[in-house]
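Residue numbers (full-length UniProt numbering): 1 to 179. Cβ atoms here follow ideal geometry from the backbone N, Cα and C, with glycine treated the same way. Notes follow once the structure below has been shown.
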Amino acid sequence: MSVEALISEADFKLSMRHLAGAVSVITVGDGQHRTGFTATSVSSLSAELPSVIVSVNRASSSWPALQRYGCFCVNVLAADQQQVAQSFAGLDGRKGAERYGDAGWYRLKTGAAALENALTVLDCKLETAFHYNSHAILVGHVCAMEIRQGIGPLLYWRGGYHELPAEVDQKGLAKALGQ
1 MSVEALISEA DFKLSMRHLA GAVSVITVGD GQHRTGFTAT SVSSLSAELP SVIVSVNRAS
61 SSWPALQRYG CFCVNVLAAD QQQVAQSFAG LDGRKGAERY GDAGWYRLKT GAAALENALT
121 VLDCKLETAF HYNSHAILVG HVCAMEIRQG IGPLLYWRGG YHELPAEVDQ KGLAKALGQ
């Protein structure tokens, strides 16, 4: 029997919940065609040509919008923005443009929605998308960005949200994460 057959989808998902990740909301579209999703699958790709990688399920409502508009904004959430994460994850039942209702938004270079008071926003032009099974791996060229100082990130770890203070030492980190 192969190793691949021994790993179930449920076990893999459980294993991945042990990776602590910054919570981001990826926004795309315009007007009533706005949509977006919550992601922890965001990573820097290159500083030489500032770019990021984002993973998206191609069955999501965001995938057609990404193909249509060719741009998106990575909104890295601050510790006090858990409600935004939950809304864009679909946990409150809202879809599409309805998800934008509880927060303030503005536009940078590409026109994708940037979240007011996010930890950082990365306004991206979609350079390419690689398909892998159910998902697409997006490569976005960062066209504009803004950074907010003095607040910690919102993290996702072990199936739940956690706040990390802006200034924390090792002992404080363990306490912040409930260890």
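Give me whichever residues DSSP pairs with residue i in a beta bridge.
i	result
T128	V139
R107	A113
W157	G160
L122	V74 and M145
A22	L155
V28	T35
If we count the other Cβ atoms within 10 Å of its Cβ and call it buried at 16 or more, is residue i buried or exposed?
i	result
L19	exposed
N75	buried
L6	exposed
I147	exposed
H141	buried
L14	exposed
L91	exposed
S8	exposed
A136	buried
F37	buried
E167	exposed
Return the residue from the list the options that minimises the CA-CA distance to residue i.
i	options	result
L154	A39, E9 and D11	A39
C143	D92, G159 and V121	V121
L138	G150, K125 and M145	K125
N117	K109, A129 and A103	A103
T128	V54, Q32, A10 and S41	V54
Write down every uninterrupted run of the beta strand (DSSP E) in the region 31 to 64 whose length is 3 residues or greater and which is fully enclosed by it, in chain order.
-> 35 to 39, 42 to 46 and 51 to 57
Check whether the region 47 to 56 touches the region 81 to 92, counting contact only when three or more Cβ pairs, one atom from each stretch, lie closer than 8 Å.
-> no
Three or more beta-carbon pairs under 8 Å between the region 25 to 36 and the region 103 to 121, yes or no?
-> yes
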